[in-house]
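Peer 1: Residue 368 is where the sequence shown starts when you use this note's numbering, and the numbers rise one by one after that. All residues carry an ideal CB built from backbone N, CA and C; glycine is no exception.
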Amino acid sequence: MESETIFVEELIRDLESGHLQLPTLPEVALRVRDVVDDENANAQQIANIIAQDAALSARIIQVANSPLYRGRNEIDRLPMVVARLGNKLVRNLVTSQVMKQMFQATNDLVDQRLRQVWEHSVQVAAIARALASRVPGVMPDQAMLAGLIHDVGTLPILYRAEERYELLAKPGLLDQLIDHLHTRIGGAILKHWQFPDVLVAVAAEHEDLQRQHDGKADLVDLVQVANLQSHIDSDHRLGKIDWNTVSAFQRLDLDVDVHEIELTDVVGDMEEVHKILE
């Protein structure tokens, strides 16, 4: 266990000293965010930034015409997309679309693990979006993005593990290290990206199932429930949690005496979320 202890100590030391190499949000997402934060920004300016990435442009237009967002008429120009969906929704969609670029590695074992994390994140994003109506003030696209980034703290751990084959050869041990460190690192990543505090809290606190707070349900509650729902009937440790012990369910006014949350009326929307993110 000595090498594993050293690995953890190095990660924590580098995190606390600011020397841990954190993933960088793709430039197009940063530029779109900066323009959206400008009160004088218009649809054409945002469209011009997205248009510099041909693949992203095509994806955003495709998403705008999907059943989740389409209007009466199909649109095929980016300024029309931004005008229809609004600056903030487009910002969140752009961020969601470019996130997958970071879930890749040169080592086959790490790449496989990253794909698994991404697929799980997409599942949580779909469930969170479906449940968004239960949290006043939370828009569906914000809930979707929250689900997508909740496990982002696993990235630096898996990147580092590329250099330690003894960790890759012990999947159970690597899982323990991720469980121990990923929320702390995830919060640091989203602070580094200058994400809103509500999203930083999602990455940092979604595993704290004993979390208590005053007032109504919030975005962390929503992602906690979506995360637990995603692990139903799995061998994952979260698949064995007694929902009665998780106060987020009460704040979301969800029945904990059922095997799973009833989502049949939004299955179509959840399938569309998978399509636009996968």
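Hey, would you say I552 sits closer than 8 angstroms to L382, going by beta carbons?
Peer 2: In this structure, L382 lies closer than 8 angstroms to I552 by Cβ.
Peer 1: Using only the alpha-carbon positions, how far apart do K455 and A396 sit?
Peer 2: Answer to the nearest angstrom: the Cα atoms are 12 angstroms apart.
Peer 1: With DSSP as the reference, label W610 as helix, strand or coil.
Peer 2: W610: helix per DSSP, three-state reduction.
Peer 1: Indicate the three-state DSSP secondary structure (helix, strand or coil) for V489 in the structure shown.
Peer 2: Reduced to three states, the DSSP call for V489 is helix.
Peer 1: Using the Cα positions of D600 and E629, report the straight-line distance between them to the nearest angstrom.
Peer 2: If you take the alpha carbons of D600 and E629, they lie about 15 angstroms apart.
Peer 1: Roughly how many whole angstroms lie between the Cα atoms of G554 and V567?
Peer 2: Approximately 5 angstroms, taken between the alpha carbons.
Peer 1: Excluding five sequence neighbours on each side, which residues of the same chain lie with their C-beta closer than 6 angstroms to the C-beta of D470?
Peer 2: Reading the sequence as shown, one finds Phe at residue 470 and not Asp. These residues qualify, in order along the chain: L481 and W485.
Peer 1: If I measure Cβ to Cβ from A410 and keep anything under 7 angstroms in the same chain, skipping five residues before and after, which residues do I get?
Peer 2: These residues qualify, in order along the chain: P446, V449 and A450.
Peer 1: Measure how close the beta-carbons of A510 and L586 come, nearest whole angstrom, since I'm counting them as under 8 angstroms.
Peer 2: Between L586 and A510 the Cβ distance is about 7 angstroms, and since that is below 8 angstroms, they are a contact.
Peer 1: With a 10 Å radius around its C-beta and 16 neighbouring C-beta atoms as the bar for buried, classify I373 as buried or exposed.
Peer 2: I373 comes out exposed.
Peer 1: Measure the C-alpha to C-alpha separation of V375 and R527 and round it to an integer number of angstroms.
Peer 2: About 11 angstroms.
Peer 1: In the DSSP assignment, the alpha helix (DSSP H) including Q509 goes from what residue to what residue?
Peer 2: Segment P507 to I516, the alpha helix (DSSP H) holding Q509.
Peer 1: Taking the beta carbon of V634 as the centre, do at least 16 other beta carbons fall within 10 Å, making it buried, or is it exposed?
Peer 2: So V634 counts as exposed.
Peer 1: Would you call G385 buried or exposed, if buried means 16 or more other Cβ atoms sit within 10 Å of its Cβ?
Peer 2: So G385 counts as exposed.
Peer 1: For A414, collect the residues of the same chain with a Cβ closer than 6 angstroms to its Cβ; drop the 5 residues on either side in sequence, then sort them by chain order.
Peer 2: Closer than 6 angstroms at the Cβ level, and outside the excluded window around A414, lie L445, P446 and V449.
Peer 1: Just confirm the distance between the C-beta atoms of V465 and P393, as a whole number of angstroms; I'd bet it's less than 8 angstroms.
Peer 2: Correct: roughly 4 angstroms between the Cβ atoms.
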